[in-house]
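Structure first, commentary second.
Residue numbers (our numbering): 1192 to 1342.
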């Protein structure tokens, strides 16, 4: 069993721990230890890390479900696409297609992925959040200091 861990971000912006092909969500954090529980609701497996996100131990087993490397691939893909949408002003469909070509998904990963049309709504919503709104009017106040003449 490998003790290499990595982190990805959930849809709500929270950290998810990836360990041995399973996803764990943060259950509790103290000054010294973070407690992670399996993302599958019926599973009792857990992982403990220190405050610097170094592996300490794992408990329980995943008897009720299998690891899902496709979901991890998909989440990593979504995080890359979302980052590019926030930073670039290129068309969303083009960004999605470029990253899909670059991703090298497995066959199972491609089956899980959404088409650009299916992902368009949520990605447009993300772009709207990061784009500043247009002002209602072009009126503005000039401070009195700049209204007075030097002469």
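The beta carbon of each residue, even a glycine, is placed where N, CA and C say it ideally should be. Keep in mind it's a predicted model, so treat the numbers as computed, not measured.
Practice problem: With a 10 Å radius around its C-beta and 16 neighbouring C-beta atoms as the bar for buried, classify residue 1224 as buried or exposed. | Solution: Here residue 1224 corresponds to residue number 33 of the chain shown, with the count starting at 1. Counting Cβ neighbours within 10 Å, residue 1224 comes out exposed, since fewer than 16 surround it.
Exercise. Within its chain, find whatever has a CB closer than 6 Å to the CB of residue 1201; leave out the 5 residues flanking it on each side and keep chain order.
Key: Residue numbering aside, residue 1201 sits at position 10 when the chain shown is read from its first letter. Only 1207 meet the Cβ criterion.
Exercise. If I'm right that residue 1177 touches residue 1277 with Cβ under 8 Å, what's the distance once you round it to whole angstroms?
Key: Residue 1177 falls outside the range modelled here, since the chain spans only 1192 to 1342, and no answer is possible.
Quiz item: Just the Cα atoms here: how many angstroms apart are residue 1329 and residue 1323?
Solution: Taking the chain shown and counting its residues from 1, one reaches residue 1329 at position 138. Taking the chain shown and counting its residues from 1, one reaches residue 1323 at position 132. Looking at the two C-alpha atoms, the distance is approximately 15 Å.
Quiz item: Can you tell me the Cα-Cα spacing of residue 1216 and residue 1334, whole angstroms?
Solution: Taking the chain shown and counting its residues from 1, the one referred to as residue 1216 is at position 25. Taking the chain shown and counting its residues from 1, the one referred to as residue 1334 is at position 143. Their backbone Cα atoms lie some 52 Å apart in a straight line.
Exercise. Grab the span of the beta strand (DSSP E) containing residue 1200 for me, first residue to last.
Key: For the purposes of this step, residue 1200 is taken as residue 9 along the chain shown, with counting starting at 1. Counted as a single uninterrupted DSSP element, the beta strand (DSSP E) harbouring residue 1200 occupies residues 1196-1200.
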